[in-house]
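K.L.:
Quick one: this structure, given as structure tokens, is what I'll be asking you about.
Numbering (the working numbering), first residue to last: 1 to 308.
Put into structure tokens, the structure is as follows:
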């Protein structure tokens with residue numbers, strides 16, 4: 001089922017809402033996690049469509065964020081209707097429009113006091129590299145859905161009993177949680193891996209377009225990202241990375257070994273030419289040859305002797 005079909009399936013939508021309702025309201029105090037950086041789907045000064053609510057601001061003092069742009073929690077008190085249903089509706093809309101901001105980040109459970117919960121979340125968002133703080137946006141669903149598979153398999157959140165969110169296909173997903181005192185240490189290359197997530201999410205959206213809604217295969221996607229990095233591409237070369245990764249996933253899984261493609265990558269690596277421009281100028285004959293894969297057999301034959 002494609003993303004658009006899934007997001008347009010009313011029966012699936014309501015079944016997902018009811019499943020989430022059951023999970024969220026059976027495991028301690030429930031909260032909604034909101035990131036207002038790019039706005040919220042309601043008027044924070046008072047919207048008649050949203051019941052009165054309380055904001056628990058997660059002050060990011062290390063980054064000098066103004067309070068109105070800091071993430072915040074909303075305690076959820078009513079399991080039926082009200083703010084919970086409204087938040088789910090907005091999150092469902094986000095799934096069908098991954099290029100737009102994601103203010104609805106997830107629903108969490110914790111038995112900690114408000115002050116303890118606030119402190120634990122802020123400590124897990126505020127990381128340091130060479131003494132300087134950097135913000136770990138694990139709470140953004142576009143990051144969360146790749147967090148444990150691509151960034152850090154040991155990542156978990158302490159002080160919580162659950163963290164639920166909607167992935168890009170509208171399916172319920174979770175972030176792993178752990179006991180207090182188990183603050184996970186990120187690998188040394190975590191920042192680099194996180195920088196690749198913007199590229200990964202762009203590729204995922206383009207994949208759906210190019211395949212007519214075909215399911216994104218994350219293992220292939222992550223392998224292609226590693227190949228891009230090994231070829232010397234930087235996630236800051238966004239257009240080149242997106243093009244190469246899509247080609248590796250959808251044209252040929254070893255495309256970087258083709259002699260013409262190897263030249264494109266070398267030119268992009270040196271800054272003399274963009275990979276995406278070179279690829280766009282290639283003839284249909286070149287692309288047909290790459291997709292067929294016969295060149296790989298010839299290449300392997302040249303690399304070693306044959307016996308028998």
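By construction, the Cβ of each residue, glycine as well, lies at the ideal position given by its N, Cα and C atoms.
Rounded to the nearest angstrom, what separates residue 93 and residue 263 at their Cα positions?
P.N.:
Looking up residue 93 in the chain shown gives position 93. Looking up residue 263 in the chain shown gives position 263. Cα to Cα, the separation comes out at about 42 Å.
K.L.:
Measure the CB-CB distance between residue 71 and residue 35 and report whether it falls below 7 Å.
P.N.:
Indexing the chain shown from 1 puts residue 71 at position 71. Indexing the chain shown from 1 puts residue 35 at position 35. Against a cut-off of 7 Å, the Cβ pair of residue 35 and residue 71 comes out as a contact.
K.L.:
Using the Cα positions of residue 153 and residue 147, report the straight-line distance between them to the nearest angstrom.
P.N.:
Indexing the chain shown from 1 puts residue 153 at position 153. Indexing the chain shown from 1 puts residue 147 at position 147. The alpha-carbon atoms of residue 153 and residue 147 are separated by roughly 8 Å.
K.L.:
What residue does the alpha helix (DSSP H) around residue 70 start on, and which one ends it?
P.N.:
Counting from one through the chain shown, the residue named residue 70 turns up at place 70. Residue 70 -> no alpha helix (DSSP H), and no H or E assigned at all.
K.L.:
Take the Cβ of residue 171 as the centre, count every other Cβ of all protein chains shown within 10 Å, and call the residue buried at 16 or more, exposed below.
P.N.:
Here residue 171 is taken as the residue at index 171 of the chain shown, counted from 1. Burial call: exposed.
K.L.:
Under the rule that 16 or more other beta-carbon atoms within 10 Å means buried, what is residue 123, buried or exposed?
P.N.:
Position 123 of the chain shown, counted from the start, is the residue given in the question as residue 123. With fewer than 16 other Cβ atoms within 10 Å, it is exposed.
K.L.:
Output the distance between the C-alpha atoms of residue 89 and residue 161, rounded to the nearest integer angstrom.
P.N.:
Here residue 89 corresponds to residue number 89 of the chain shown, with the count starting at 1. Here residue 161 corresponds to residue number 161 of the chain shown, with the count starting at 1. Near 24 Å, if we compare the C-alpha coordinates of residue 161 and residue 89.
K.L.:
Would the beta-carbon of residue 63 fall within 7 Å of that of residue 135?
P.N.:
Here residue 63 refers to the residue found at position 63 of the chain shown. Here residue 135 refers to the residue found at position 135 of the chain shown. Residue 63 places its beta carbon less than 7 Å from that of residue 135.
K.L.:
Quick check on this structure: which residue in 126, 167, 69 and 67 has the alpha carbon closest to the alpha carbon of residue 205?
P.N.:
Reading the chain shown from its first residue, position 205 is the one you call residue 205. Ranking the options by Cα distance to residue 205, first place goes to 167.
K.L.:
May I have the straight-line CA-CA distance separating residue 240 from residue 274, to the nearest angstrom?
P.N.:
The count along the chain shown starts at 1 and reaches residue 240 at position 240. The count along the chain shown starts at 1 and reaches residue 274 at position 274. For residue 240 and residue 274, the distance between alpha carbons rounds to 6 Å.
K.L.:
Out of curiosity, what's the CA-to-CA distance linking residue 26 and residue 60?
P.N.:
Counted from its first residue, the chain shown places residue 26 at position 26. Counted from its first residue, the chain shown places residue 60 at position 60. Spanning the two alpha carbons is a distance of roughly 30 Å.
K.L.:
State the CB to CB distance for the pair residue 222 and residue 150, rounded to an integer number of angstroms; the pair is presumed to be in contact (CB under 8 Å).
P.N.:
Along the chain shown, read from residue 1 onward, the residue named residue 222 stands at position 222. Along the chain shown, read from residue 1 onward, the residue named residue 150 stands at position 150. With a Cβ gap of about 5 Å, residue 222 and residue 150 count as contacting.
K.L.:
Tell me the rounded alpha-carbon separation between residue 246 and residue 100.
P.N.:
Numbered from 1 along the chain shown, position 246 holds the residue referred to as residue 246. Numbered from 1 along the chain shown, position 100 holds the residue referred to as residue 100. Straight-line Cα distance between these residues: approximately 21 Å.
K.L.:
Three or more beta-carbon pairs under 8 Å between the segment 247 to 263 and the segment 272 to 288, yes or no?
P.N.:
With three or more CB-CB distances shorter than 8 Å, the segment 247 to 263 counts as touching the segment 272 to 288.
K.L.:
From the DSSP output, in three-state form, read off residue 37 for me.
P.N.:
Here the question's residue 37 lines up with position 37 in the chain shown. The answer is coil: DSSP assigns residue 37 none of H, G, I, E or B.
K.L.:
In chain order, which continuous runs of the alpha helix (DSSP H) of length 4 or greater are located wholly inside the segment 207 to 284?
P.N.:
218 to 230, 238 to 250, 259 to 270 and 275 to 281
K.L.:
What number of angstroms, rounded off, separates the C-alpha of residue 119 from the C-alpha of residue 220?
P.N.:
The residue labelled residue 119 in the question sits at position 119 within the chain shown. The residue labelled residue 220 in the question sits at position 220 within the chain shown. For residue 119 and residue 220, the distance between alpha carbons rounds to 38 Å.
K.L.:
Between which two residues does the alpha helix (DSSP H) carrying residue 82 extend?
P.N.:
As a position in the chain shown, residue 82 is number 82, starting the count at 1. That run of the alpha helix (DSSP H) goes 82 to 96.
K.L.:
Give, in chain order, every unbroken run of the beta strand (DSSP E) that is at least 3 residues long and sits entirely within the segment 168 to 203.
P.N.:
172 to 174
K.L.:
Give the DSSP bridge partners of residue 106, in chain order.
P.N.:
Locating residue 106 in the chain shown gives position 106, counting from the first residue. Paired residue(s): 33.
K.L.:
Report the residue from 252, 53, 91 and 85 whose alpha carbon sits nearest the alpha carbon of residue 73.
P.N.:
Residue numbering aside, residue 73 sits at position 73 when the chain shown is read from its first letter. Checking every option, the nearest Cα to that of residue 73 belongs to 53.
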